[in-house]
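Heads up: the sequence shown begins at 1 in my numbering, then just goes up one per residue.
Glycine is no exception: its CB is placed at the ideal position from the N, C-alpha and C atoms.
Only one structure is covered here, and it is reproduced in the block below.
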Amino acid sequence: MAEEYLFGVTLEGDKLSEVWDPEPKNEDSDSNQHFAVDQKLIIKMALLGAEAKAGEVNVLQVEAMGLKGPTKIPIAVLETGKTAYVTLDLSFPDPPVTFTLIKGSGPVHIVGHNLLEKIKNGTKRAKVDEGDLEDEDEEDGEPKKKKNKIGGLPKTKLQNNKGPNQIQSQKKK
């Protein structure tokens, strides 16, 4: 089961950059000997502080590992009176992640959450959904009927062509 914690950082003045690079908790503890922690950072919002200079453009950039290697890209452009905040939905499964205010003096607040998932003996618990179970049943040689989104079995062509009164009268028989 994953634990979730608030993440927040403010970039301003002398602190124009922040690195998220978590270290495992209680590394020396014997009770944590067989458990590792997989962490993921999710950023939901970047907002301009009330003390920001009027008319100053603030550009927030992130540097993180992408599919083809390290990637640097602006994620927010904030300006007092025009754009006070931006809603984001960014996920960073691989540390380190560096947030930098590349233009402006802030303050820019970055808000999100940090997900921690315990890993026992070096392997993650796999999440299983219904789709995976149905696929396994089909591999056994006996395909199962899939349920529709409401939870019942799929309607046949005859049921689809009947009106509500015809279906109810059929149920009464």
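Here's the rule: buried if 16 or more other CB atoms are within 10 angstroms of the residue's CB, otherwise exposed. What is residue i?
i      : result
Val19  : exposed
Val176 : Missing from the structure shown is residue 176; the chain here goes from 1 to 173 and no further.
Gly13  : exposed
Ile102 : exposed
Leu11  : buried
Tyr5   : exposed
Ile73  : exposed
Ala76  : buried
In the DSSP assignment, what residue or residues form a beta bridge with residue i?
i     : result
Glu98 : The displayed chain sequence assigns Thr, not Glu, to residue 98. Note: Thr98 sits in a beta bridge opposite Val19 and Glu63.
Tyr47 : The identity of residue 47 in the sequence shown is Leu, whereas the question assumes Tyr. The partner list for Leu47 (beta bridge, DSSP) reads Tyr85 and His109.
Asp38 : Glu117
Lys53 : Note: Lys53 sits in no beta bridge, so no partner.
How far does the beta strand (DSSP E) with residue i in it extend, from its first residue to its last?
i     : result
Glu3  : Ala2 to Leu11
Pro74 : Gly69 to Glu79
Inset, instruction - For the region 73-89 and the region 39-46, state whether three or more C-beta atom pairs, one from each stretch, are separated by less than 8 angstroms. - result: These segments touch.
Inset, instruction - Could you say if the region 66-74 and the region 106-122 meet the contact criterion of at least three C-beta pairs nearer than 8 angstroms? - result: no
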